[in-house]
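Novice: Here numbering that gives the first Met the number 0 is used: the first residue of the sequence shown is 0, the next is one more, and so on. Glycine residues also receive a C-beta, built at the ideal position from the N, C-alpha and C atoms. The following block contains the structure, expressed as structure tokens.
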Amino acid sequence: MKSPGAFKLILISLICLLIVACNTSIPSPTVIPSSVTPTSIFRKDLIPSPTDIQLPFNSEVKNNGACKPPSAILPVSDNNDMSEDEIVYELTEIWLRRYANPNAPLFCRIEGYIIDKVYYDLNILSGPLEPRGDFMRVVLFSVQLIHVPSDWMSFSGELDQENWLHLSQPVAVTKTNDGYTMQFAYP
0 MKSPGAFKLI LISLICLLIV ACNTSIPSPT VIPSSVTPTS IFRKDLIPSP
50 TDIQLPFNSE VKNNGACKPP SAILPVSDNN DMSEDEIVYE LTEIWLRRYA
100 NPNAPLFCRI EGYIIDKVYY DLNILSGPLE PRGDFMRVVL FSVQLIHVPS
150 DWMSFSGELD QENWLHLSQP VAVTKTNDGY TMQFAYP
């Protein structure tokens, strides 16, 4: 058991630390003289940045739950002599093709897509991702958006001025009796 003197010393130290913390964390208010007129920060001559949304707003588009993560399946007979990267590419193609279709739900419909790259990245894929699948890859792809709102805006990516949303997504591929299936992997 500690001595009463040690307890008092610890208590005094904690009180002093609390006083210092309170005094340094409260900023002093800034006083603006009444003679100063605020200026506008909006400038009409600025060119929009690549992250400005250039898409029309469609008030008729609603999320009806029809947009779901990939549920693509690649039959086993279709993958003769295909590498794992090629299997992921084909599964991604099947998945994205559904949303580039004019009959796709408005909330997830896209004008087009590009699969930029499929690759294995130990730094990304060795992390705590679920599901794991039989094998995993990272897919870099881009989708061309038509309007907002859009289910695609829930993805983390970069939107350019031509309305292409550039994305990167870890995926897990599992072999079943029906073929290969792909799921997004998340931490």
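Excluding five sequence neighbours on each side, which residues of the same chain lie with their C-beta closer than 6 angstroms to the C-beta of A71?
Specialist: Closer than 6 angstroms at the Cβ level, and outside the excluded window around A71, lie L90, I93, W94, M181.
Novice: Pick from K116, F183, D177: whose alpha carbon is nearest that of L73?
Specialist: Of the candidates K116, F183, D177, the one whose C-alpha sits nearest the C-alpha of L73 is D177.
Novice: Is DSSP giving E83 helix, strand or coil here?
Specialist: E83: helix per DSSP, three-state reduction.
Novice: Closest to T173 by C-alpha separation, out of G156, V147, V142, E129, would be which residue?
Specialist: Of G156, V147, V142, E129, the residue nearest in Cα terms is E129.
Novice: Is the stretch 111-118 in contact with the stretch 141-148, if contact means three or more CB pairs nearer than 8 angstroms?
Specialist: As far as the Cβ criterion goes, the stretch 111-118 touches the stretch 141-148, which means the pair count is three or higher.
Novice: Beta-carbon within less than 6 angstroms of N57's beta-carbon, same chain only, minus the 5 sequence neighbours each way: which residues are those?
Specialist: Closer than 6 angstroms at the Cβ level, and outside the excluded window around N57, lie H146.
Novice: Which residues mark the beginning and the end of the beta strand (DSSP E) in which L158 is found?
Specialist: Its beta strand (DSSP E) spans residues 156-158.
Novice: Which word fits D133, buried or exposed, when buried means at least 16 other C-beta atoms lie within 10 angstroms of its C-beta?
Specialist: Classification of D133: exposed, given that the 10 Å Cβ count is below 16.
Novice: Determine the closest residue to V170 out of A184, Y119, S153, with distance taken between C-alpha atoms.
Specialist: That would be A184, whose Cα lies nearest to the Cα of V170.
Novice: Within a Cβ cutoff of 8 angstroms, which residues of the same chain sit near F253, ignoring the five residues on either side of it in sequence?
Specialist: Outside the shown range of the chain, which is 0 to 186, sits residue 253, and nothing can be said about it.
Novice: If you draw a straight line from the alpha carbon of L166 to that of P186, how long is it in whole angstroms?
Specialist: So the alpha carbons of these two residues sit roughly 17 angstroms apart.
Novice: Under three-state DSSP, which class holds L144?
Specialist: Here L144 sits in strand by DSSP.
Novice: Out of P55, S155, L54, I109, point me to the one whose CA is closest to Q168's CA.
Specialist: Nearest of P55, S155, L54, I109 to Q168, Cα basis: S155.
Novice: Roughly how many angstroms lie between the CA atoms of N162 and P55, to the nearest whole one?
Specialist: Their Cα atoms are separated by approximately 10 angstroms.
Novice: Would you tell me roughly how many angstroms separate the C-alpha atoms of N102 and Q53, rounded to the nearest one?
Specialist: Whole-angstrom Cα-Cα distance: 24 angstroms.
Novice: Could you tell me how far apart the beta carbons of V87 and V117 are, in whole angstroms, since I believe they sit closer than 8 angstroms?
Specialist: That pair is a contact at about 5 angstroms.
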